[in-house]
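Here's the structure, in structure tokens; my notes come after.
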Amino acid sequence: MIDCAIILAGGKGTRLASVAGSIPKVLVPVGDRPVLAHQLDLLSAAGYKDVRIFAGHLAEQIEAFVSGNQWPDLKIQIEVESTPLGSAGAVIEKLDTLPEQFTVLYGDTMLAVDLPRMTAFHDECGADVTILVHPNDHPFDSDLVETDAEGKVTALHSYPHPTDACYRNIVSAALYVVQRESLRPWAGKAEKYDFAKNVFPAVLASGGCLFAYHSHEYIKDMGTPERLKKVERDLSAGRIKMGNVATAIPVVFLDRDGTLNAENGYVRSPDQLQLLPNVAGALRLMREAGYRLIVITNQPVIARGEASEADLAAIHQKLEWELGLEGAYLDAIFHCPHHPDSGFPGERVELKMACQCRKPATGMLDLASAEFPIDIGRSWMIGDTTIDMEFASRAGLRSILVQTGSCGRDGKFPSATPDFSANGLMEAAEIIADASKPLFEA
Ligand SMILES: [Zn+2]
Numbered sequence: 011m012i013d014c015a016i017i018l019a020g021g022k023g024t025r026l027a028s029v030a031g032s033i034p035k036v037l038v039p040v041g042d043r044p045v046l047a048h049q050l051d052l053l054s055a056a057g058y059k060d061v062r063i064f065a066g067h068l069a070e071q072i073e074a075f076v077s078g079n080q081w082p083d084l085k086i087q088i089e090v091e092s093t094p095l096g097s098a099g100a101v102i103e104k105l106d107t108l109p110e111q112f113t114v115l116y117g118d119t120m121l122a123v124d125l126p127r128m129t130a131f132h133d134e135c136g137a138d139v140t141i142l143v144h145p146n147d148h149p150f151d152s153d154l155v156e157t158d159a160e161g162k163v164t165a166l167h168s169y170p171h172p173t174d175a176c177y178r179n180i181v182s183a184a185l186y187v188v189q190r191e192s193l194r195p196w197a198g199k200a201e202k203y204d205f206a207k208n209v210f211p212a213v214l215a216s217g218g219c220l221f222a223y224h225s226h227e228y229i230k231d232m233g234t235p236e237r238l239k240k241v242e243r244d245l246s247a248g249r250i251k252m253g254n255v256a257t258a259i260p261v262v263f264l265d266r267d268g269t270l271n272a273e274n275g276y277v278r279s280p281d282q283l284q285l286l287p288n289v290a291g292a293l294r295l296m297r298e299a300g301y302r303l304i305v306i307t308n309q310p311v312i313a314r315g316e317a318s319e320a321d322l323a324a325i326h327q328k329l330e331w332e333l334g335l336e337g338a339y340l341d342a343i344f345h346c347p348h349h350p351d352s353g354f355p356g357e358r359v360e361l362k363m364a365c366q367c368r369k370p371a372t373g374m375l376d377l378a379s380a381e382f383p384i385d386i387g388r389s390w391m392i393g394d395t396t397i398d399m400e401f402a403s404r405a406g407l408r409s410i411l412v413q414t415g416s417c418g419r420d421g422k423f424p425s426a427t428p429d430f431s432a433n434g435l436m437e438a439a440e441i442i443a444d445a446s447k448p449l450f451e452a
């Protein structure tokens with residue numbers, strides 16, 4: 011149920027001191043208004059009634075800002091913490107004054123999240139805590155989560171990570187829906203707690219029910235001068251508004267083997283995955299040009315019993331982690347586990363079928379469209395085979411054949427001609443970036 015939101019506005023804005031000076035983080039302007047005003051707009055539009063701002067540092071300025079309340083449908087209360095108790099400590103201290111369920115926002119994030127939708131997911135799952143998660147371009151210094159197929163959190167990895175870490179790029183985006191009673195065990199202690207580092211791991215360890223809400227909506231922290239600059243650029247380019255659940259965004263669909271990673275026969279284990287040169291840079295360039303990046307890959311190794319779904323997950327974990335180390339990420343990876351021909355020793359009979367998802371069939375595009383609103387007319391396909399080019403033609407995508415992997419010499423669909431040819435992923439990315447200049451200027 012949408013009712014109460016908590017905005018965590020305590021903590022000193024030391025990391026933003028060079029731009030914020032002596033104003034609290036939540037009053038740092040993004041565009042022509044403080045980030046707090048953007049957040050209150052969102053809460054008001056979503057139907058919230060009760061907003062508690064947990065403030066510490068420079069609370070009187072926040073009081074002054076909300077005193078001329080421009081959001082008459084919101085009842086805004088400021089809770090001033092006497093001693094800094096961390097993100098969760100301050101909330102837990104006031105636990106008995108809070109309703110049964112509330113949404114927690116951090117005061118230094120810009121977001122365009124459909125909060126009623128996230129709350130409905132939380133209610134449906136019957137979760138104690140729901141954490142919004144997404145991939146980002148710095149998983150190595152982010153708090154990460156692991157989930158099962160239904161989205162139930164199975165492990166939390168808070169930053170800093172061990173040097174040999176390798177995780178899926180599933181980042182906790184610091185937006186939560188919380189059942190008050192799940193925090194009860196900490197009540198009355200008035201100690202310093204952080205949600206990500208102390209409270210959620212303990213809730214999980216004690217058998218609590220945490221869910222991850224996978225979202226592709228816009229949510230970014232602006233807690234450092236560099237991140238603030240990025241968020242301001244996103245605002246002026248229209249990216250924040252476009253990052254909502256409904257706006258169709260162009261996508262670059264990417265083949266995997268021979269396009270992102272070297273084609274050394276079939277990849278059956280993580281150590282066989284070797285990224286091609288400049289792949290992360292190419293992905294960064296396409297993202298900067300305004301595209302989502304979605305991998306669609308035929309993996310008949312699964313049907314043939316040569317690799318399990320768990321092996322594939324481990325391979326994709328390595329792919330995501332290595333890209334993340336270079337500041338690149340994928341929005342999603344879809345794979346076809348099927349294969350039409352029988353007769354391999356160890357094969358999985360249930361996956362031996364003529365399916366709708368094995369490229370050049372377009373089933374994986376349908377799967378992606380069910381999760382992401384896609385502007386097909388401005389989308390692309392990049393691959394190294396005529397199968398990928400045939401897929402692009404059937405799906406109505408512009409296509410680029412890269413001269414890596416099979417270099418288009420697979421001979422499967424000789425009449426499938428690409429719109430462009432490129433010597434590698436970076437050149438393909440440059441072609442797309444050049445063709446896309448007007449994307450954010452309209
Ligand atoms: Zn399939």
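Residue numbers (the numbering used here): 11 to 452. Note that the Cβ used here is the ideal one computed from N, Cα and C, for glycine as well.
For my contact list, residue i and residue j are in at a C-beta cut-off of 8 Å; report their separation, rounded to the angstrom.
| i | j | result |
| --- | --- | --- |
| G253 | E227 | 6 Å |
| K110 | Q49 | Contrary to the premise, residue 110 reads as Glu rather than Lys in this sequence. That belief does not hold up - the Cβ atoms of E110 and Q49 are roughly 22 Å apart, past 8 Å. |
| Y203 | G99 | 4 Å |
| M232 | D51 | Actually they do not touch by this definition, with Cβ atoms about 16 Å apart. |
| L286 | T113 | That belief does not hold up - the Cβ atoms of L286 and T113 are roughly 42 Å apart, past 8 Å. |
| H171 | F205 | Contact doesn't hold; Cβ gap of about 18 Å is too wide. |
| V213 | V40 | Actually they are not in contact, since the Cβ atoms of V213 and V40 sit about 32 Å apart, beyond 8 Å. |
| V101 | F64 | 7 Å |
| V139 | L220 | 5 Å |
| A292 | L435 | 4 Å |
| A56 | P126 | 6 Å |
| L489 | I17 | For the chain, the structure presents residues 11 to 452; residue 489 sits outside this window and is missing. |
Please report the straight-line C-alpha distance between residue i and residue j, rounded to a whole angstrom.
| i | j | result |
| --- | --- | --- |
| H148 | G353 | 44 Å |
| V261 | E381 | 12 Å |
| V289 | R388 | 22 Å |
| Y169 | V76 | 34 Å |
| D385 | A258 | 5 Å |
| I72 | R43 | 13 Å |
| F344 | L377 | 8 Å |
| G268 | D394 | 6 Å |
| A443 | M296 | 6 Å |
| A432 | R408 | 13 Å |
| C14 | L283 | 46 Å |
| V181 | E156 | 9 Å |
| V61 | K85 | 6 Å |
| T396 | I410 | 10 Å |
| L53 | D158 | 30 Å |
| R404 | Y301 | 21 Å |
| S318 | L361 | 12 Å |
| I229 | S216 | 29 Å |
| S32 | T93 | 19 Å |
| D429 | G406 | 12 Å |
| V351 | C417 | Before going on, a small fix: residue 351 reads as Asp here, not Val. Each residue's alpha carbon lies about 25 Å from the other. |
| R243 | I250 | 10 Å |
| V36 | Y276 | 50 Å |
| A137 | C346 | 31 Å |
| P145 | D341 | 7 Å |
| E130 | I12 | The amino acid at residue 130 is misidentified as Glu; the sequence shows Ala. Answer to the nearest angstrom: the Cα atoms are 9 Å apart. |
| P34 | V412 | 49 Å |
| E400 | G421 | 11 Å |
| P355 | E160 | 32 Å |
| E437 | I392 | 11 Å |
| G20 | L154 | 23 Å |
Using DSSP bridges, identify the partner residues of residue i.
| i | result |
| --- | --- |
| E156 | A165 |
| S182 | V143 |
| F64 | L18 and E89 |
| T234 | T234 pairs with nothing; no bridge assigned. |
| F150 | Looking at the DSSP assignment, F150 forms no beta bridge with any residue, so it has no partner. |
| R408 | W390 |
| N308 | C346 |
| A432 | V412 |
| K199 | For K199, which the question treats as bridged, DSSP gives no partner whatsoever. |
| M120 | K230 |
| K362 | H349 |
| F382 | Looking at the DSSP assignment, F382 forms no beta bridge with any residue, so it has no partner. |
| N271 | D267 and L285 |
| I259 | I384 |
| R302 | V261 |
With hydrogens ignored, establish whether the beta-carbon of residue i is closer than 8 Å to any heavy atom of ligand 2.
| i | result |
| --- | --- |
| G268 | This structure lacks ligand 2; the ligands present are ligand 1. |
Quiz item: Listed in chain order, which residues are found with a beta carbon closer than 6 Å to a heavy atom of ligand 1?
Solution: Listed by position in the chain, the residues whose beta carbon lies within less than 6 Å of some heavy atom of ligand 1 are C346, H348, C365, C367 and R368.
Quiz item: Given 8 Å as the limit, is there contact between the segment 152-166 and the segment 309-318, that is, 3 or more CB pairs closer than that?
Solution: Counting Cβ pairs under 8 Å, fewer than three are found: no touch.
Quiz item: Between the segment 319-331 and the segment 357-376, do at least 3 Cβ pairs fall closer than 8 Å?
Solution: no
Self-check item: Any 3 or more C-beta pairs closer than 8 Å across the segment 300-307 and the segment 180-198
Solution: no
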